[in-house]
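Visitor: Input: one structure, supplied below.
In the UniProt record's numbering, the protein residues as written are 1 to 76.
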């Protein structure tokens with residue numbers, strides 16, 4: 001019984017990554033609003049999580065650049 005691998009469809013990767021960036025930014029903003037009304041340990045947790053989110057954004061943006069370049073070059 002053989003399995004056929006699905007072809008690698010990268011055609012919408014840039015758009016998916018852009019959605020991920022937008023969702024992450026919205027999560028950062030919501031968390032910042034929550035942090036305003038938080039104190040001590042909870043605020044520190046929120047700030048740490050937002051820091052990790054900011055790092056993720058950098059990775060998403062780098063990946064968007066890579067995918068856009070690959071798209072322009074025909075995914076070769």
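Glycine is no exception: its CB is placed at the ideal position from the N, C-alpha and C atoms.
The model shown is predicted, which means the values in this text are computed figures rather than measured ones.
Please state if the CB of residue 21 and the CB of residue 61 are separated by a distance shorter than 8 Å.
Guide: Contact flag set, yes.
Visitor: Which class does residue 73 belong to by DSSP, given the choice of helix, strand or coil?
Guide: Correct three-state label for residue 73: coil.
Visitor: For the putative contact between residue 23 and residue 53, defined by C-beta atoms under 8 Å, what is the C-beta separation to the nearest angstrom?
Guide: The Cβ separation is near 10 Å, so there is no contact.
Visitor: Would residue 58 and residue 17 be called neighbours here (beta carbons separated by less than 8 Å)?
Guide: Taking 8 Å as the Cβ cut-off, residue 58 and residue 17 do not qualify as a contacting pair.
Visitor: So, at 7 Å on beta carbons, what are the nonlocal neighbours of residue 49 in its own chain, with the 5 sequence-adjacent residues on each side left out?
Guide: Excluding positions up to five away in sequence, the list reads 31.
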